[in-house]
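Asker: Going by UniProt numbering, the sequence shown opens with residue 1, and the numbers climb by one from there. Shown below is the structure under consideration.
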Amino acid sequence: MVAINKKREETITVSSKAEKKSKRKKIRKVKISGKVSAEVKNVVPSTSSSTNDKVPVLCNIDYNSLQKRHLFLKKDPTNQFSLIITNIPPYITPIALGRILAELGSGRPEEIIAQRGTAASDKITEGFYTASARLKTETAVEQALQNCENIPFLSLSNIDIKLTQNGATKSCNEYRNSFKTMAQLQESVNSYIEKHDAKILEEKRKAKKMANVPDEDGWITVTKSHYKPVPSAIVVKNKEDLLKLSKKKKRVEESIAFYSFQLKQSKLKHLEELRRKFAEDKKKLAIAKAARKFRPL
Numbered sequence: 001m002v003a004i005n006k007k008r009e010e011t012i013t014v015s016s017k018a019e020k021k022s023k024r025k026k027i028r029k030v031k032i033s034g035k036v037s038a039e040v041k042n043v044v045p046s047t048s049s050s051t052n053d054k055v056p057v058l059c060n061i062d063y064n065s066l067q068k069r070h071l072f073l074k075k076d077p078t079n080q081f082s083l084i085i086t087n088i089p090p091y092i093t094p095i096a097l098g099r100i101l102a103e104l105g106s107g108r109p110e111e112i113i114a115q116r117g118t119a120a121s122d123k124i125t126e127g128f129y130t131a132s133a134r135l136k137t138e139t140a141v142e143q144a145l146q147n148c149e150n151i152p153f154l155s156l157s158n159i160d161i162k163l164t165q166n167g168a169t170k171s172c173n174e175y176r177n178s179f180k181t182m183a184q185l186q187e188s189v190n191s192y193i194e195k196h197d198a199k200i201l202e203e204k205r206k207a208k209k210m211a212n213v214p215d216e217d218g219w220i221t222v223t224k225s226h227y228k229p230v231p232s233a234i235v236v237k238n239k240e241d242l243l244k245l246s247k248k249k250k251r252v253e254e255s256i257a258f259y260s261f262q263l264k265q266s267k268l269k270h271l272e273e274l275r276r277k278f279a280e281d282k283k284k285l286a287i288a289k290a291a292r293k294f295r296p297l
């Protein structure tokens, strides 16, 4: 049996479950850690018990003596060169798994494939998962199962394997890393503006180049080559000028007729104003004529 205890460092213990009474006495520990990505395949390993292969191997994992997890190792009945490992925690990576199997005397596995897991998506193995380890020979598989109780105490931290982050620590680090620094934001903005300016310049060059060039049908596209001039700014020095300007705007707004009856009323007012002015002008002309008459007596 290989048991794994985690008190700041993970430990694994491997044990053969065949001959329950005689082979439960010896317990060996292996500390584990590490992180590596595994190829995920939706291959369901065979669980048939009709073969005469070795009995599954049990691995106990202890988190600060509060929780226990189990790793089960069994010879794959469909492939004589492979071992099936089930109930693998997410922090036990294929590299750590390969080194554990190497300590069993079977040598490094040629390939370790994550077959299925408890995660919601089939594309990731975030939860507990099942893996298949393909060894070089069939004797290596048998030797790994036979020597599972004879491996020495092994600390994976001594062979440069670190545990992958999981739980709250992993979530906090991912949340912190999701934010960009000011330098990164400034760099992304500058790069975007440079690309945008270069794109506009390229479009202007193409438009200028194709200005008088006919297309396939012989037509020449005529476009507006200049923009409307921006109106000059109005400089106001005194409050009186500002009041005059605001009054002028109000008059212009009031003179605009929105409804049809307002338009008629504005026309009538305009006619009345013209008639009044005409009558006043008539009086002025009569006074001027009377003043020009010659009266000798």
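Beta carbons: idealized from backbone N, C-alpha and C, even for Gly. What you are looking at is a predicted structure, and each value in this text was computed from that prediction instead of being measured.
State the DSSP-derived secondary structure class of alanine 133, mapped to helix, strand or coil.
Answerer: The residue you call residue 133 lines up with position 133 of the sequence shown. Strand at alanine 133.
Asker: Secondary structure at threonine 86, three-state DSSP: helix, strand or coil?
Answerer: Within the sequence shown, numbered from 1, the residue matching residue 86 stands at position 86. Correct three-state label for threonine 86: strand.
Asker: Around the C-beta of glycine 218, are 16 or more other C-beta atoms found within 10 angstroms, so that it is buried, or is it exposed?
Answerer: Here residue 218 refers to the residue found at position 218 when the sequence shown is read from its first residue. Result: exposed.
Asker: Rounding to the nearest angstrom, what Cα-Cα distance links lysine 142 and alanine 114 in this structure?
Answerer: As a working note, residue 142 is residue 142 in the sequence shown. As a working note, residue 114 is residue 114 in the sequence shown. Per the sequence shown, residue 142 should be read as glutamate rather than lysine. Rounded to whole angstroms, glutamate 142 to alanine 114 spans 21 Å at the Cα level.
Asker: What is the DSSP secondary structure of glutamate 19, counted as helix, strand or coil?
Answerer: Here residue 19 is taken as the residue at index 19 of the sequence shown, counted from 1. Summary for glutamate 19: the model assigns pLDDT 44, below 50, so the residue's position carries little reliability; its value from the coordinates is reported in the next sentence. Glutamate 19: coil per DSSP, three-state reduction.
Asker: With burial defined as no fewer than 16 other Cβ atoms inside 10 Å of the residue's Cβ, what is the status of threonine 130: buried or exposed?
Answerer: As a first step, residue 130 is located in the sequence shown; it is residue number 130 there, counting from the start. By the 10 Å Cβ count, threonine 130 comes out buried.
Asker: Kindly indicate the opening and closing residues of the alpha helix (DSSP H) around glutamine 262.
Answerer: As a position in the sequence shown, residue 262 is number 262, starting the count at 1. Segment 260 to 292, the alpha helix (DSSP H) holding glutamine 262.
Asker: Measure the alpha-carbon distance for valine 189 versus arginine 176 and round it to whole angstroms.
Answerer: Here residue 189 is taken as the residue at index 189 of the sequence shown, counted from 1. Here residue 176 is taken as the residue at index 176 of the sequence shown, counted from 1. Taking the straight line from one Cα to the other gives about 21 Å.
Asker: Using 10 angstroms around the beta-carbon of threonine 221, count the other beta-carbons present and answer buried if the total reaches 16, otherwise exposed.
Answerer: Counting from one through the sequence shown, the residue named residue 221 turns up at place 221. By the 16-neighbour rule on beta-carbons within 10 angstroms, threonine 221 is exposed.
Asker: Compute the beta-carbon to beta-carbon distance between leucine 73 and isoleucine 85, rounded to the nearest angstrom, for a pair I have assumed lies under 8 Å.
Answerer: Counted from its first residue, the sequence shown places residue 73 at position 73. Counted from its first residue, the sequence shown places residue 85 at position 85. Confirmed, Cβ separation roughly 5 Å.
Asker: I need the boundaries of the alpha helix (DSSP H) containing valine 222, first residue and last residue.
Answerer: Against the sequence shown, residue 222 aligns to sequence position 222. Careful: valine 222 lies outside any alpha helix (DSSP H) and carries neither H nor E.
Asker: With the cut-off set at 8 Å, would you say isoleucine 112 and alanine 144 are in Cβ contact?
Answerer: Sequence index remark: in the sequence shown, residue 112 carries index 112 (1-based). Sequence index remark: in the sequence shown, residue 144 carries index 144 (1-based). No, the pair does not count as a contact, with Cβ atoms beyond the cut-off.
Asker: How would you write the range of the alpha helix (DSSP H) that glutamate 172 sits in, first residue to last?
Answerer: Taking the first residue of the sequence shown as position 1, residue 172 is located at position 172. Position check: residue 172 holds cysteine in this sequence, whereas glutamate was assumed. Residues 168 to 177.
Asker: Would you mind working out which of Phe128, Asn79, Leu71 sits nearest leucine 101, comparing C-alpha positions?
Answerer: Start at 1 with the first residue of the sequence shown, and residue 101 comes out as number 101. If we check each option's Cα against that of leucine 101, Leu71 comes out closest.
Asker: Just to confirm, are phenylalanine 128 and proline 90 a CB contact at a threshold of 8 Å?
Answerer: The sequence position of residue 128 within the sequence shown is 128, counting from 1. The sequence position of residue 90 within the sequence shown is 90, counting from 1. In this structure, proline 90 lies closer than 8 Å to phenylalanine 128 by Cβ.
Asker: Taking the straight line between their C-alpha atoms, what separation do you get for leucine 268 and lysine 293?
Answerer: To locate residue 268, count along the sequence shown from 1; it is residue 268. To locate residue 293, count along the sequence shown from 1; it is residue 293. Taking the straight line joining both Cα atoms gives about 38 Å.
Asker: Using a 10 Å radius around the Cβ and a threshold of 16 neighbouring Cβ atoms, would you call alanine 96 buried or exposed?
Answerer: For the purposes of this step, residue 96 is taken as residue 96 along the sequence shown, with counting starting at 1. That one is buried.
Asker: When burial is assigned at 16 or more other CB atoms within 10 Å of the CB, is cysteine 172 buried or exposed?
Answerer: The residue given as residue 172 occupies position 172 in the sequence shown. With fewer than 16 other Cβ atoms within 10 Å, it is exposed.
Asker: Any idea what DSSP makes of isoleucine 234, helix, strand or coil?
Answerer: Indexing the sequence shown from 1 puts residue 234 at position 234. Looking at isoleucine 234 - three-state DSSP - the assignment turns out to be coil, as it is neither helix nor strand.
Asker: Report the partner residues of glutamate 111 according to the DSSP bridge assignment.
Answerer: In the sequence shown, counting from the first residue as 1, residue 111 sits at position 111. Per DSSP, Arg134.
Asker: How big is the Cα-Cα spacing for glutamate 272 and alanine 291?
Answerer: For the purposes of this step, residue 272 is taken as residue 272 along the sequence shown, with counting starting at 1. For the purposes of this step, residue 291 is taken as residue 291 along the sequence shown, with counting starting at 1. Distance between the alpha carbons of glutamate 272 and alanine 291: 29 Å.
Asker: What is the residue span of the alpha helix (DSSP H) that asparagine 212 lies within?
Answerer: The sequence position of residue 212 within the sequence shown is 212, counting from 1. Asparagine 212 -> no alpha helix (DSSP H), and no H or E assigned at all.
Asker: Any idea what DSSP makes of asparagine 79, helix, strand or coil?
Answerer: In the sequence shown, counting from the first residue as 1, residue 79 sits at position 79. In the structure shown, asparagine 79 sits in coil (DSSP, three-state: anything other than H, G, I, E or B).
Asker: Rounded to a whole number of angstroms, what is the C-alpha to C-alpha distance between arginine 99 and asparagine 166?
Answerer: What you label residue 99 is simply residue 99 of the sequence shown in a count that begins at 1. What you label residue 166 is simply residue 166 of the sequence shown in a count that begins at 1. Spanning the two alpha carbons is a distance of roughly 21 Å.
Asker: To which residues of the same chain is leucine 243 closer than 7 Å at the C-beta, ignoring the five residues directly before and after it?
Answerer: As a working mapping, residue 243 is identified with position 243 in the sequence shown. Within the same chain, leucine 243 has no close Cβ partners at all.
Asker: Count the other C-beta atoms from every protein chain shown that fall within 10 angstroms of the C-beta of alanine 211, then say buried if there are 16 or more, exposed otherwise.
Answerer: Your numbering for residue 211 matches position 211 in the sequence shown. By the 10 Å Cβ count, alanine 211 comes out exposed.
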